[in-house]
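Chains as they are written, first to last, in the numbering used here: chain X, 1 to 205; chain Z, 1 to 205.
Given below as structure tokens:
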């Protein structure tokens, strides 16, 4: 992995400059995203990816460390805001925000499958990169949604007799779980169930 | 795989009788369950399992077809009612039933991880055994919970203005998703979120 320095490194015949290294890493990552979209992320190897991307196994290890870290980088690169068509509206409820974000992710080939694989990997022993990714995503997402719940409770748009942290965890779980059910079986009532949760969270009218 | 016949087959020097085959399959399966509990199910191979179980790769393929089919068999064998300490009480709500079943599964080493791996595998292309397993589990579980919702709506224990199929899908998703969040981070409010959902589904008192 390139050293974290703001000074440009001296050119080196082995690796080129730091800026070149960053560009090369990005180039490999962009190509890896295409490869995963075509092949899927399951039970592939760093060696097979290197072949398809057109780099050596050593180069891939140099830039990403392991297959697991490459998978995390592919997922994060695919979900950065710049790659997403538009942010959810400010006044969306937490459930509406998750619906929108799930729709955007579903449009990127292989992304939902990659997410499931990373979470399943995180649950197994001995996968620190996947675990850091999954734990971090859930922690940040719950905190962000809980803030929105508090704000919308103050505005009278969400019931004020429910715990914002519990609501946030429930909304994330429902969104992830219903996405899985729907991907396996399009007759699963994903939309109905999310609309129901949205309704249950509103104050009785 | 042994032929499906109720007539006992002629003894054969290759495989022994049908009954012997069944017993041998069960013996391998029991040992495989122990191996998975110790090692985890991720990115292992049929060959490595065969070595640990103490059978040949050919024998394992003969009885289970593929690693994927063996993983499904391990999961199903580990969750058959006979292996579970006690069935949920008849008058439990759907959320309470899922809480109880999650607690039982969590006590079996590696089982929740194996479940996540099977579901993630099912979402990828080209894994018919995992897909049949995951789709079947969700379909049966939703149907069973929806029946209970209808019954408890008639009894006035669940709100009667909500769709039983949507409730069932929501409860399964919440249970699966919250279990994952909690396994990654024990500060995730799994119990609070499930208790909240249970409360939201009850009629206003």
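Ideal Cβ positions, reconstructed from N, Cα and C, are used throughout, including at glycine.
From the beta carbon of residue i, is the nearest beta carbon of chain Z less than 9 Å away?
{"i": "residue 144 of chain X", "result": "no"}
{"i": "residue 140 of chain X", "result": "no"}
{"i": "residue 131 of chain X", "result": "yes"}
{"i": "residue 61 of chain X", "result": "no"}
{"i": "residue 96 of chain X", "result": "no"}
{"i": "residue 172 of chain X", "result": "yes"}
{"i": "residue 128 of chain X", "result": "no"}
{"i": "residue 162 of chain X", "result": "yes"}
{"i": "residue 119 of chain X", "result": "yes"}
{"i": "residue 116 of chain X", "result": "yes"}
{"i": "residue 165 of chain X", "result": "yes"}
{"i": "residue 123 of chain X", "result": "yes"}
{"i": "residue 91 of chain X", "result": "no"}
{"i": "residue 40 of chain X", "result": "yes"}
Whose C-beta lies closer than 8 Å to the C-beta of residue i among residues of the same chain, with five residues either side of it excluded?
{"i": "residue 133 of chain Z", "result": "72, 75, 76, 118 and 122"}
{"i": "residue 167 of chain X", "result": "94, 145, 146, 149, 158 and 201"}
{"i": "residue 170 of chain X", "result": "197"}
{"i": "residue 56 of chain Z", "result": "50"}
{"i": "residue 203 of chain Z", "result": "156, 157, 158, 159 and 160"}
{"i": "residue 139 of chain Z", "result": "none"}
{"i": "residue 53 of chain Z", "result": "28, 31, 32, 35 and 60"}
{"i": "residue 194 of chain X", "result": "95, 98, 99, 174, 175 and 178"}
{"i": "residue 135 of chain X", "result": "122"}
Answer yes or no: does any C-beta atom of chain X fall closer than 9 Å to that of residue i?
{"i": "residue 134 of chain Z", "result": "yes"}
{"i": "residue 113 of chain Z", "result": "yes"}
{"i": "residue 17 of chain Z", "result": "no"}
{"i": "residue 153 of chain Z", "result": "no"}
{"i": "residue 26 of chain Z", "result": "no"}
{"i": "residue 35 of chain Z", "result": "no"}
{"i": "residue 175 of chain Z", "result": "yes"}
{"i": "residue 76 of chain Z", "result": "no"}
{"i": "residue 192 of chain Z", "result": "yes"}
{"i": "residue 147 of chain Z", "result": "no"}
{"i": "residue 107 of chain Z", "result": "no"}
{"i": "residue 72 of chain Z", "result": "no"}
{"i": "residue 189 of chain Z", "result": "yes"}
{"i": "residue 180 of chain Z", "result": "yes"}
On the DSSP letters alone, give me the boundaries of the alpha helix (DSSP H) that residue i sits inside.
{"i": "residue 66 of chain Z", "result": "Per DSSP, residue 66 of chain Z belongs to no alpha helix (DSSP H) and is neither H nor E."}
{"i": "residue 34 of chain Z", "result": "18-39"}
{"i": "residue 52 of chain Z", "result": "46-53"}
{"i": "residue 132 of chain Z", "result": "128-154"}
{"i": "residue 192 of chain X", "result": "190-201"}
{"i": "residue 120 of chain X", "result": "111-123"}
{"i": "residue 106 of chain Z", "result": "94-106"}
{"i": "residue 168 of chain X", "result": "164-184"}
Mind checking whether residue i and residue j have CB atoms under 9 Å apart?
{"i": "residue 110 of chain Z", "j": "residue 177 of chain Z", "result": "no"}
{"i": "residue 35 of chain X", "j": "residue 49 of chain X", "result": "yes"}
{"i": "residue 129 of chain Z", "j": "residue 68 of chain Z", "result": "yes"}
{"i": "residue 46 of chain Z", "j": "residue 78 of chain Z", "result": "no"}
{"i": "residue 99 of chain X", "j": "residue 191 of chain X", "result": "yes"}
{"i": "residue 116 of chain X", "j": "residue 116 of chain Z", "result": "yes"}
{"i": "residue 80 of chain X", "j": "residue 181 of chain Z", "result": "no"}
{"i": "residue 188 of chain X", "j": "residue 142 of chain Z", "result": "yes"}
{"i": "residue 108 of chain X", "j": "residue 64 of chain X", "result": "no"}
Please return the same chain residues whose Cβ sits closer than 7 Å to the Cβ of residue i, not counting the five positions on each side in sequence.
{"i": "residue 183 of chain X", "result": "112"}
{"i": "residue 102 of chain X", "result": "175 and 179"}
{"i": "residue 185 of chain X", "result": "none"}
{"i": "residue 25 of chain X", "result": "63"}
{"i": "residue 106 of chain X", "result": "112"}
{"i": "residue 11 of chain Z", "result": "Residue placement at residue 11 of chain Z is flagged as unreliable, the pLDDT there being 45, under the threshold of 50; the coordinate-derived value follows with that caveat. Hits under 7 Å: 17."}
CB-CB under 6 Å to residue i, same chain, minus the five flanking residues each way: which ones, in chain order?
{"i": "residue 165 of chain Z", "result": "146"}
{"i": "residue 37 of chain X", "result": "109 and 110"}
{"i": "residue 152 of chain Z", "result": "158"}
Within 8 Å: the Cβ of residue i and any heavy atom of the ligand FMN?
{"i": "residue 188 of chain X", "result": "For the ligand FMN, the structure offers nothing, since it holds no ligand at all."}
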